[in-house]
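Chains as they are written, first to last, in full-length UniProt numbering: chain A, 1 to 154; chain B, 1 to 85.
Think of the CB as a built atom: it goes at the ideal place given N, C-alpha and C, for glycine as much as any other residue.
No experiment lies behind these values; they were computed from the predicted model shown.
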C-alpha cells in the first residue's frame, strides 16, 4: 500500500472485498483494475426471474483522486446497454446516488447493488422518454448532466 | 523472601472505543489513522455525530467541506452535528 494515494488505498481495499464477496451476478475485471485503480470494468448478469434474465452487461467505473469524496462516474458500455427507463442508449444512468445523493460511505459494491436492484424492479423495457434528445445533446461525462430525479418506482 | 523494587517501567495499550472497527469514509481501522496521517492517536482523533456515527476527524471534515449545502452524515444522511458530550 506504500506509495498509494488515499483514493487508491481505498480502491485497493474495495477491489479485494469485491473479489472476495461480490454481489450476485457481479464480477470485476481484476487485472484491468490492478493496472489502473482509477478505472474499473464490472460485469453484471441480469437476475433470474427479471426482464433482464440471460442478458449480460458491462459497467465502467471512473474515479478521480478525490474519491470517495467525489462520486465515481458510472456508465454502461459495450454492445448491450440495458433497455430501461433510467438508462440512456449511450449508457448514461439516471440514478441519484451517482450525483446528488452520493455519500463517501457508499462503494463500488453498493453502487452495483443499486443498479442490480434498479434493473430487477423494472416492469417494462423501454428507454427514457427524452432519450433521443438527451443522447444528442449531453456531455460525455454523465456527472455533468443536471439530472432531474423524479421517478422512484423503478 | 522479600523483594525490593528499585524501579519499574509501566506499559499501557490504548484503543478507541467506537461502535465499528473501520472508518466508513476511508475504510481504514479506527485504531490506525486516516490515509493522510502517519501516526494514530491524538493527532488523528475520532469524532462522533449526534446520530452516533463515528469517523476519523480528518475524514468527516473533508466530507463536510466538500458539501456546500446540506451537511449530512455519510452513513445515515441525518444533518451532521458534532456530539460534544
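Straight-line Cα distance separating residue j from residue i
i, j, result
"residue 87 of chain A", "residue 150 of chain A", "14 Å"
"residue 108 of chain A", "residue 61 of chain A", "8 Å"
"residue 114 of chain A", "residue 29 of chain B", "26 Å"
"residue 24 of chain A", "residue 23 of chain B", "26 Å"
"residue 20 of chain A", "residue 34 of chain B", "24 Å"
"residue 32 of chain A", "residue 16 of chain A", "13 Å"
"residue 48 of chain B", "residue 74 of chain A", "31 Å"
"residue 94 of chain A", "residue 79 of chain A", "19 Å"
"residue 43 of chain B", "residue 77 of chain B", "27 Å"
"residue 69 of chain A", "residue 119 of chain A", "26 Å"
"residue 31 of chain B", "residue 18 of chain B", "10 Å"
"residue 73 of chain B", "residue 20 of chain B", "15 Å"
"residue 40 of chain B", "residue 13 of chain B", "13 Å"
"residue 46 of chain B", "residue 43 of chain A", "37 Å"
"residue 51 of chain A", "residue 57 of chain A", "13 Å"
"residue 55 of chain A", "residue 67 of chain A", "30 Å"
"residue 36 of chain B", "residue 99 of chain A", "25 Å"
"residue 48 of chain A", "residue 125 of chain A", "16 Å"
DSSP state of residue i mapped onto helix, strand, coil
i, result
"residue 53 of chain B", "coil"
"residue 53 of chain A", "coil"
"residue 14 of chain B", "coil"
"residue 68 of chain B", "coil"
For residue i: DSSP bridge partner residues
i, result
"residue 46 of chain B", "B:56"
"residue 109 of chain B", "This structure does not reach residue 109 of chain B, given that chain B is present from 1 up to 85, and the question cannot be answered."
beta-carbon residue i near the ligand FAD non-hydrogen atom, thresh 6 Å
i, result
"residue 66 of chain A", "Absent from the structure shown: the ligand FAD. Ligands present: none."
Original post:
In chain order, which alpha helix (DSSP H) runs of at least 4 residues are fully inside the UniProt domain "UBC core" (6-154) of chain A?
Top reply: 6-20, 30-35, 108-120, 131-137
Original post:
What residues in the UniProt domain "UBC core" (6-154) of chain A bring their beta carbon closer than 7 Å to a beta carbon of chain B?
Top reply: 6, 9, 10, 13, 68, 69, 103, 104, 105
**OP:** Could you please tell me which residues of the region 16-27 of chain B, in chain order, have their CB closer than 8 Å to any CB of chain A?
**Re:** 24, 25, 26, 27
Original post:
Relative to chain A, which residues along the region 57-72 of chain B have a C-beta separation below 7 Å, given in chain order?
Top reply: 62, 63, 66
Original post:
Taking Cβ-Cβ distances below 7 Å as the criterion, which residues of the region 33-51 of chain B are in contact with chain A?
Top reply: 35, 36
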